[in-house]
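Position in the sequence shown counted from 1, then plus 422, gives you our numbering.
From the three backbone atoms N, C-alpha and C, an ideal C-beta is built for every residue, glycine too.
On a predicted model such as this, the values are computed, not experimentally measured, just so you know.
Below is one structure, written out as structure tokens; comments come after it.
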Amino acid sequence: MDSAIPQRQARRGSPASPHPEAGAGSVAAAFLDGMPEGLLLVERDGRVALCSSQARRALGLGPEVVGRPLRHLLAALGRGRAGERRVALMRLRGPLRRGEPASLDLTSGGVPLALDVKPLAGAGWSVAVEALADRAARLEGAADGGRDPLTALPTRARFTAALGEAGARLERSGRGFAVLAVDLDRFEQVNDTLGHRVGDALLRKVAERLATALGPADAAARFGGDAFAVLQDGVSRDEDAAVLARRIVDLLGRAYMVEGHLINIGASVGVALAPTDGADAAALIRNADLALRRAKLDGRGGFRFFEPEMDERVQARRRLELDLRRAVAAQEFELVYQPQMNLETNRIVGCEALIRWRHPERGTVSPGDFIPLAEEVGLIVGIGEWVLRTACREAARWPGDLTVAVNLSPAQFRGGGFVATVASALEESGLDPRRLELEITEGLLLHDSEANVATLHALRGLGLRIAMDDFGTGYSSLSYLRSFPFDRIKIDRSFVSGDPSGGTGGAMAIVRAVAGLGAALGMATVAEGVETPEQMDSIRREGCTDVQGFLISRPISAADIRRLFAEQAEP
423 MDSAIPQRQA
433 RRGSPASPHP
443 EAGAGSVAAA
453 FLDGMPEGLL
463 LVERDGRVAL
473 CSSQARRALG
483 LGPEVVGRPL
493 RHLLAALGRG
503 RAGERRVALM
513 RLRGPLRRGE
523 PASLDLTSGG
533 VPLALDVKPL
543 AGAGWSVAVE
553 ALADRAARLE
563 GAADGGRDPL
573 TALPTRARFT
583 AALGEAGARL
593 ERSGRGFAVL
603 AVDLDRFEQV
613 NDTLGHRVGD
623 ALLRKVAERL
633 ATALGPADAA
643 ARFGGDAFAV
653 LQDGVSRDED
663 AAVLARRIVD
673 LLGRAYMVEG
683 HLINIGASVG
693 VALAPTDGAD
703 AAALIRNADL
713 ALRRAKLDGR
723 GGFRFFEPEM
733 DERVQARRRL
743 ELDLRRAVAA
753 QEFELVYQPQ
763 MNLETNRIVG
773 CEALIRWRHP
783 ERGTVSPGDF
793 IPLAEEVGLI
803 VGIGEWVLRT
813 ACREAARWPG
823 DLTVAVNLSP
833 AQFRGGGFVA
843 TVASALEESG
853 LDPRRLELEI
863 TEGLLLHDSE
873 ANVATLHALR
883 GLGLRIAMDD
893 FGTGYSSLSY
903 LRSFPFDRIK
913 IDRSFVSGDP
923 SGGTGGAMAI
933 VRAVAGLGAA
943 LGMATVAEGV
953 ETPEQMDSIR
963 REGCTDVQGF
973 LISRPISAAD
983 IRRLFAEQAE
993 P
């Protein structure tokens, strides 16, 4: 860092060094330019002391960045996206203030980048900048030697070769073996909230624990991402593999301490036995993966043995995925709208927009079937944007005092550019922002709450409304209400249907408490799932401001909702 001092003085106007990288700093700059990734050195006051040419190219910066505050790097997030820059700053501010490492993913010029910030003893920070595609290529090249460069475990190629050897032993001696496919649960949330550097450190710890679970003749490999595999040798009965699978689930499911973060993930395992479940390496790996998928569908944090019918279910799921991709291209979706009624005026005050898929052969496909699939295969962001833009255009045709509520997926919320997407949808449709309400769930705020709250404030800055959906079913509802001033609380239907008689049971006690809390905080409350007059009477007594449910109306088409509004407007 000594070489950074004259660098900084030159930047501040020394006539002897008109170029920011002249003098002693030029030696350090040349060294940085030889690194495989872009690198910056930042002084204790937050100003950039050195910036390699790779970093400048990646971030779209010029030499004048030297001597300027680190926050100017966030200009790479795009001009005019103040909300996104604020989110990025929020993610960096806490760790930097505490002198801890931090990671941040951002996009510059359409290229996804990873920033890794590390404190330097008493001398500021180093910031490594690398395109995610370049990082993946570098690691892939390092893996050509048969060892995963991140975890030092064997690669998929070496593991497949080991399976071939185990198959040969099976033919010679009848010595059975098992293939266990291992996948981490909730790992993506770690990358999304804490950054890829913390995620990589976590994967190394997972590999260490996995190794401790194995017997002396067993072998583990990393297939990529958060996917691992185990070859268990000498398996004579199913229970041998079950014992190992339980041990892996238990060990990998225990809490991890990574760079000051207490992280709780889990693991799911799928098991295929040789020779019963496959005659070669490819079949065994494939069938273990099928069993793994079933374990995840069963609730994660467990294991399943392969069963032949699993292949049929996977084929059905694959067909549904292909149909879903075609539906996105062919625009087979439509929106329906469920009215929300104010209990004081008994008038419709708005609607919730709900997506429907009209499949040409299957008929109507339930959102419960295709929304989780869309999230899994990466289609949900595009579908969610279509819902948002369509709902805004439709609501712009309604009478001016009516609102439209749109549900958000966590993937939309975390994705870069969401604030700009919402602003674009409002501008394109001409809808008054005060008539748009975005619904989020408590689970979305469970991780990286500081950054997510910053995004909420950026959205609120557009003038729209924010509602917390399914209140009471999540993790720490009250703390979220304190951290952000929601406009409305939606009480989950389970509390309404839990007391169908309208009595004074525990469900209605919760409704009463939430309604009182909303009134005290100045937030409206809407009870979902009201289906009977008795439930309506109970909700009214407990002080909710609005209701939604089949008693008011089922979800109806855009044309029908406009007719309903016209009838309400008649004297």
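Next item on the list: Specify the secondary structure class of L492 as computed by DSSP and reduced to three states.
Entry: By 1-based counting over the sequence shown, the position of residue 492 is 70. Of the three classes helix, strand and coil, the one that applies to L492 here is helix, per DSSP.
Next item on the list: Would you mind stating whether V657 and L695 have Cβ atoms separated by less than 9 Å?
Entry: Translated into positions along the sequence shown, residue 657 becomes position 235. Translated into positions along the sequence shown, residue 695 becomes position 273. In contact: V657 and L695 (Cβ atoms closer than 9 Å).
Next item on the list: Could you spell out the range, first to last residue, of the beta strand (DSSP E) harbouring M679?
Entry: Sequence index remark: in the sequence shown, residue 679 carries index 257 (1-based). Taken as a continuous stretch (DSSP letters only), the beta strand (DSSP E) holding M679 covers Y678 to V680.
Next item on the list: Can you grab the Cα-Cα spacing for the pair E807 / G596, in whole Å?
Entry: In the sequence shown, counting from the first residue as 1, residue 807 sits at position 385. In the sequence shown, counting from the first residue as 1, residue 596 sits at position 174. E807 and G596: Cα-Cα distance of roughly 56 Å.
Check: Just reading off the alpha helix (DSSP H) that R668 is part of, what are its end residues?
Finding: Here residue 668 is taken as the residue at index 246 of the sequence shown, counted from 1. That run of the alpha helix (DSSP H) goes D660 to L674.
Notebook entry, point to check: Whose CA, out of S916, A471, M930 and N768, lies closest to the CA of Q990?
Noted result: The sequence position of residue 990 within the sequence shown is 568, counting from 1. Residue N768 is the option with its Cα nearest to Q990.
Checklist line | Where D655 falls: helix, strand or coil (DSSP) | finding: Position 233 of the sequence shown, counting from 1, holds the residue named residue 655. Of the three classes helix, strand and coil, the one that applies to D655 here is strand, per DSSP.
Note to self: Taking the alpha-carbon of I862 as reference, which of A842, D854 and I888 has the nearest alpha-carbon?
What the structure shows: Sequence index remark: in the sequence shown, residue 862 carries index 440 (1-based). For the residues A842, D854 and I888, the minimum Cα distance to I862 belongs to I888.
Note to self: Does Y897 come out as helix, strand or coil in the three-state DSSP assignment?
What the structure shows: As a first step, residue 897 is located in the sequence shown; it is residue number 475 there, counting from the start. Because Y897 carries a pLDDT of 48, less than 50, the predicted location of this residue cannot be relied on, and the following value inherits that uncertainty. Of the three classes helix, strand and coil, the one that applies to Y897 here is coil, per DSSP.
Checklist line | Nearest-angstrom Cβ-Cβ length linking E743 and A980, presumed shorter than 8 Å | finding: As a working note, residue 743 is residue 321 in the sequence shown. As a working note, residue 980 is residue 558 in the sequence shown. The Cβ separation is near 28 Å, so there is no contact.
Check: What is the DSSP secondary structure of M890, reduced to helix, strand or coil?
Finding: Residue mapping note: residue 890 aligns to position 468 of the sequence shown, counting from 1. It is a strand residue.
Margin query: Does the contact criterion of 3 or more C-beta pairs under 8 Å hold for the stretch 598-606 versus the stretch 646-666?
Written below: yes
Item checked: Contact check, A642 vs A629, beta carbons under 9 Å -> On the sequence shown, residue 642 is found 220 positions in, with the first residue counted as 1. On the sequence shown, residue 629 is found 207 positions in, with the first residue counted as 1. Yes.
Note to self: For the stretch 673-693 against the stretch 733-753, do three or more pairs of beta-carbon atoms, one drawn from each stretch, fall closer than 8 Å, so that the two count as touching?
What the structure shows: no
Check: Mind checking whether L801 and V875 have CB atoms under 9 Å apart?
Finding: In the sequence shown, the residue the question calls residue 801 occupies position 379. In the sequence shown, the residue the question calls residue 875 occupies position 453. No, the Cβ-Cβ distance between L801 and V875 is not below 9 Å.
Checklist line | Test item: CB-CB of R520 and D570 under 9 Å | finding: Walking along the sequence shown from the start, residue 520 turns up at place 98. Walking along the sequence shown from the start, residue 570 turns up at place 148. The answer is no: Cβ separation not under 9 Å.
Next item on the list: May I have the straight-line CA-CA distance separating A705 from R715, to the nearest angstrom?
Entry: In the sequence shown, the residue the question calls residue 705 occupies position 283. In the sequence shown, the residue the question calls residue 715 occupies position 293. Answer to the nearest angstrom: the Cα atoms are 15 Å apart.
Checklist line | Enclosing alpha helix (DSSP H) for Q990 [first to last residue] | finding: Along the sequence shown, read from residue 1 onward, the residue named residue 990 stands at position 568. Counting along the chain, the alpha helix (DSSP H) containing Q990 begins and ends at A980 to A991.
Margin query: So within the stretch 690-727, which uninterrupted alpha helix (DSSP H) runs reach at least 4 residues, ignoring any that extend past its ends?
Written below: 703-719
Next item on the list: Out of Q970, L943, C966 and A937, state which residue places its alpha-carbon closest to the alpha-carbon of E953.
Entry: To locate residue 953, count along the sequence shown from 1; it is residue 531. Of the listed residues, the one whose Cα sits closest to E953 is Q970.
Next item on the list: Report yes if the C-beta distance between A946 and T967 is below 9 Å; otherwise report no.
Entry: Start at 1 with the first residue of the sequence shown, and residue 946 comes out as number 524. Start at 1 with the first residue of the sequence shown, and residue 967 comes out as number 545. Against a cut-off of 9 Å, the Cβ pair of T967 and A946 comes out as a contact.
Notebook entry, point to check: If you check the beta carbons only, do A600 and A663 fall under 9 Å apart?
Noted result: Along the sequence shown, read from residue 1 onward, the residue named residue 600 stands at position 178. Along the sequence shown, read from residue 1 onward, the residue named residue 663 stands at position 241. Contact: yes.
Check: Can you give the Cα-Cα distance for G363 and A677, rounded to whole angstroms?
Finding: In the structure as shown, the chain begins at 423 and stops at 993. Residue 363 is therefore absent and cannot be evaluated.
Note to self: Going by beta-carbon coordinates alone, are W820 and V828 separated by less than 9 Å?
What the structure shows: Taking the sequence shown and counting its residues from 1, the one referred to as residue 820 is at position 398. Taking the sequence shown and counting its residues from 1, the one referred to as residue 828 is at position 406. Not in contact: W820 and V828 (Cβ atoms no closer than 9 Å).
Notebook entry, point to check: So, helix, strand or coil for R882, using DSSP?
Noted result: Locating residue 882 in the sequence shown gives position 460, where the first residue counts as 1. Here R882 sits in helix by DSSP.
Next item on the list: May I have the straight-line CA-CA distance separating D892 from E593, to the nearest angstrom?
Entry: Numbered from 1 along the sequence shown, position 470 holds the residue referred to as residue 892. Numbered from 1 along the sequence shown, position 171 holds the residue referred to as residue 593. When rounded, the distance between both Cα atoms is 56 Å.
Note to self: My output table needs one value for P955: the three-state DSSP class, helix, strand or coil.
What the structure shows: Translated into positions along the sequence shown, residue 955 becomes position 533. DSSP places P955 in helix when its eight states are reduced to three.
Check: In its own chain, which residues sit with a C-beta less than 8 Å from the C-beta of R469, not counting the 5 before and 5 after it?
Finding: Position 47 of the sequence shown, counted from the first residue, corresponds to residue 469. Counting only Cβ-Cβ distances below 8 Å, and skipping sequence neighbours, we find R430, G489, R490, P491 and L492.
Check: In terms of DSSP beta bridges, what is K540 paired with?
Finding: Indexing the sequence shown from 1 puts residue 540 at position 118. Per DSSP, S548.
Margin query: Tell me the DSSP secondary structure of W779 in three-state form.
Written below: Walking along the sequence shown from the start, residue 779 turns up at place 357. Correct three-state label for W779: strand.
Checklist line | Rounded Cβ spacing between P855 and L886 (contact assumed at less than 8 Å) | finding: Here the question's residue 855 lines up with position 433 in the sequence shown. Here the question's residue 886 lines up with position 464 in the sequence shown. Indeed they touch by this definition, with Cβ atoms about 4 Å apart.
Notebook entry, point to check: Any idea what DSSP makes of F599, helix, strand or coil?
Noted result: Working through the sequence shown from its first residue, we reach residue 599 at position 177. Note: F599 maps to strand in three-state DSSP.
Note to self: Buried or exposed for P761, going by 16 or more other Cβ atoms inside 10 Å?
What the structure shows: Position 339 of the sequence shown, counted from the first residue, corresponds to residue 761. With 16 or more other Cβ atoms within 10 Å, it is buried.
Note to self: With H, G and I counted as helix, E and B as strand and the rest as coil, what does DSSP make of E861?
What the structure shows: Numbered from its first residue, the sequence shown carries residue 861 at position 439. E861 falls in the strand class under three-state DSSP.
Checklist line | Cβ separation of L824 and V758, assumed to be a contact under 8 Å, to the nearest whole Å | finding: Mapped onto the sequence shown, residue 824 falls at position 402. Mapped onto the sequence shown, residue 758 falls at position 336. Going by Cβ atoms, the distance from L824 to V758 rounds to 16 Å, so no, they are not a contact pair.
Next item on the list: Assign R819 to one of three DSSP states: helix, strand, or coil.
Entry: Along the sequence shown, one-based indexing puts residue 819 at 397. Reduced to three states, the DSSP call for R819 is coil.
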